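Here the structure comes first, spelled out in structure tokens, and everything after it is commentary.
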């Protein structure tokens, strides 16, 4: 079965079922990663070499296991679909961002703050309506890249092993890739590896966002604002996405009690409930565009 058909099947499965409710492989992996981190970085004393070792132990065996199962006769294609399905978070993303927009439209600011707190790591208890909408719009653009598009990219490149390698690396970056006293040294490898694995997908996503909205403005924001962001991959994605939507993102935010003055992203109206919905629609349309390209490419090379 072609990569295109396998991808369509996995996306359809995600749309139909959403994330596994009782036992999600990434939740189990997160617990496993916590134990590894406690072993190699107890008290935040781990060095870069410990972080590299921990990353290898966490990621490589599972990637090899995915390789073996995906090559199995008769059932390999089922494994491929299930692995990509478990790596995708498209329906889940929609289920998290839509209630934020709904709460804002109902003028329920407390509910909107609570809901957006499930999506972002910044402090949300004192955000106003615009700041809540800004946080949710940024999250849908960035998480669309990380949890949906990049998984599809690595599946197209390397099948189930590529997806497992990417998704586990991305999870470790989310868990270990902080620039604080505990993870500054230990989390260095997880952060850098995720940057490398996301480099090409992030730029393809930025281009996708640009093509599906205000293209000229999106490309301008990508070029001028993307490099100012502290993340080399989130910057292009969110700048292009904000420009495509014609909305202003970025700005000050509080993370772990500390105020961060972040550069402006995008240009246009302040974020609101509509910008959240339009960001979610942008991700959805982008996914269908990618699947269409995969299907056309499969036909062309058949």
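Numbering (the working numbering), first residue to last: 3 to 304. Built from N, CA and C at the ideal position, the CB exists for glycine as well. As the structure is a prediction and not an experimental result, all values here were calculated from the model.
In this model, residue 15 and residue 87 are separated by some 7 angstroms (Cα to Cα).
Straight through space, the alpha carbons of residue 52 and residue 90 are spaced by roughly 29 angstroms. Within the model, the alpha-carbon separation for residue 161 versus residue 147 is close to 18 angstroms. When the beta-carbon positions are compared, residue 192 and residue 174 come within less than 8 angstroms of each other.
For residue 39, the three-state secondary structure derived from DSSP is helix.
Cα atoms of residue 143 and residue 58: separation of roughly 29 angstroms, rounded to the nearest angstrom. In the three-state reduction of the DSSP assignment, residue 272 falls in the strand class, which pools E and B. A contact is defined here as three or more CB-CB pairs under 8 angstroms, and the segment 180-187 fails this definition with respect to the segment 204-221.
If you draw a straight line from the Cα of residue 233 to the Cα of residue 241, it is about 12 angstroms long.
In the three-state reduction of the DSSP assignment, residue 257 falls in the strand class, which pools E and B. Taking residue 122 as reference, the option from 111, 231 and 134 with the minimal CA-CA separation is 134. Sorting 171, 207, 210 and 212 by C-alpha distance to the C-alpha of residue 197 places 171 at the top.
Excluding five sequence positions before and after residue 255, the CB atoms of its chain that fall closer than 7 angstroms to its own CB belong to 124, 262 and 264, given in chain order. The beta carbons of residue 270 and residue 248 sit closer together than 8 angstroms.
Taking 8 angstroms as the cut-off, the Cβ atoms of residue 103 and residue 113 do not count as close.
A check of alpha carbon separations from residue 207 across 152, 259, 188 and 195 identifies 152 as the nearest. Counting every other CB atom within 10 Å of its CB across the protein chains shown gives residue 36 a total below 16, marking it as exposed. Going by C-alpha positions, residue 61 is about 14 angstroms away from residue 177. If you check the CB distance, residue 9 and residue 154 come in under 8 angstroms.
If you keep only unbroken alpha helix (DSSP H) runs of at least 4 residues inside the segment 166-215, you get 190-213.
For residue 128, there is no enclosing alpha helix (DSSP H), since its DSSP letter is neither H nor E. The alpha-carbon separation between residue 80 and residue 250 amounts to approximately 43 angstroms. Secondary structure at residue 115: helix, using DSSP grouped into helix, strand and coil. Measuring C-alpha to C-alpha distances from residue 189 to each of 294, 55 and 205 identifies 55 as the nearest. Short of 6 angstroms from the beta carbon of residue 229, and not among the five residues preceding or following it, lies no beta carbon of its own chain. C-alpha of residue 286 to C-alpha of residue 75: approximately 33 angstroms in a straight line. Taking C-beta atoms as the reference points, residue 211 and residue 246 count as a pair closer than 8 angstroms.
Judged by DSSP in its simplified three-state form, residue 48 adopts coil rather than helix or strand.
For residue 137, the CB contacts under 8 angstroms within the same chain, skipping 5 residues up- and downstream, are 118, 121, 122, 124, 126, 129 and 255 in chain order. As computed with DSSP, residue 250 is found in a beta bridge with 268 and 272. DSSP, read as helix, strand or coil, puts residue 33 in helix.
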